[in-house]
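Trainee: Residue numbers (this note's numbering): 856 to 1068.
All C-beta atoms, glycine included, are put in the ideal place defined by N, C-alpha and C.
Computed from a predicted structure; not experimentally measured.
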């Protein structure tokens, strides 16, 4: 699943308005094999920031993200721990890649989660918090608890960076037209946080278009 959106930020002062455009793509790649790497490289040529979900990389393999494009920096988390014995194929994980030539200061945040990545992108004109998620699919009470825990971590990350405007994207594994438990939790979270979800796809991507005044 791929989605693009463009953030247009308007900075106003007494003398003039300045404009800054940030294009963001979100892609669930379901693995990081050779064919997927070629496609991801093509996405990087068309965006400023890329959210990846389900790269299936271990902690020791995350450095492979840095080999995609020399013009991008990255952060990522593995979906499974180093000590976990995998009964089958690898799974999960998410990452954020951003252009290194943007006039910004990037600060990677520790979310204490293997489902959430977060980075502060700050310039003299704006402070932006970007959060990428890969949420559990609803299947049991345990996954509902995990979903609630991840939402709480996202909320605490936003609160700890209250000076920032926010973009949240990724794969929430939620269909807002389906009245399930995760749907109710996510809808309540969006309402409380003042977020506007894009419901055009089954795999929900939350976006915010910010006007800075």
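#1: Mapping the DSSP letters down to three states, classify residue 926 as helix, strand or coil.
#2: Taking a contact to mean a Cβ-Cβ separation below 9 Å, would you say residue 1006 touches residue 1044 in this structure?
#3: Quick check: the Cα distance between residue 928 and residue 1004, rounded to an integer number of angstroms?
#4: Contact between the segment 988 to 999 and the segment 953 to 960 is defined here as three or more beta-carbon pairs at a separation below 8 Å; is this criterion met?
#5: Please report how far the alpha carbon of residue 953 lies from the alpha carbon of residue 899, in whole angstroms.
#6: Mind checking whether residue 906 and residue 881 have CB atoms under 9 Å apart?
#7: So residue 989 and residue 908 are supposed to be a Cβ contact under 8 Å. How far apart are they, rounded?
#8: If we require 3 or more residues per run, which beta strand (DSSP E) segments fall completely within the segment 933 to 991?
#9: Can you tell me where the alpha helix (DSSP H) holding residue 1041 begins and where it ends?
#10: Would DSSP call residue 915 helix, strand or coil?
#11: If you draw a straight line from the alpha carbon of residue 993 to that of residue 918, how long is it in whole angstroms?
#12: Relative to the C-alpha of residue 842, which residue among 1039, 1018, 891, 966 is closest?
#13: Taking the straight line between their C-alpha atoms, what separation do you get for residue 1013 and residue 972?
#14: According to DSSP, is residue 1017 part of a helix, a strand, or is it coil?
#15: Quick one: using the 10 Å Cβ neighbour count with 16 as the cut-off for buried, is residue 948 buried or exposed?
#16: Who are the near neighbours of residue 887 in its chain, counting only those whose CB is closer than 7 Å to its CB and skipping five residues on each side?
#17: For residue 931, which beta-bridge partners are listed by DSSP?
#18: On the CB-based measure, 16 or more other CB atoms within 10 Å of its CB, does residue 950 come out buried or exposed?
#19: Less than 9 Å between the C-beta atoms of residue 976 and residue 904, yes or no?
#20: Residue 1019: which of 892, 974, 897, 891 sits nearest, CA to CA?
#21: Would you call residue 991 buried or exposed, if buried means 16 or more other Cβ atoms sit within 10 Å of its Cβ?
#22: I think residue 879 touches residue 1009, with their Cβ atoms under 8 Å apart; what is that distance to the nearest whole Å?
Mentor: Walking through what the data contain:
#1: coil
#2: yes
#3: 28 Å
#4: no
#5: 9 Å
#6: yes
#7: 4 Å
#8: 949 to 954, 960 to 964, 971 to 977, 982 to 989
#9: 1036 to 1048
#10: helix
#11: 31 Å
#12: With the chain covering 856 to 1068 only, the question about residue 842 has no answer from this structure.
#13: 12 Å
#14: coil
#15: buried
#16: 910, 911, 912, 919
#17: 950
#18: buried
#19: yes
#20: 974
#21: buried
#22: That pair is no contact at about 17 Å.
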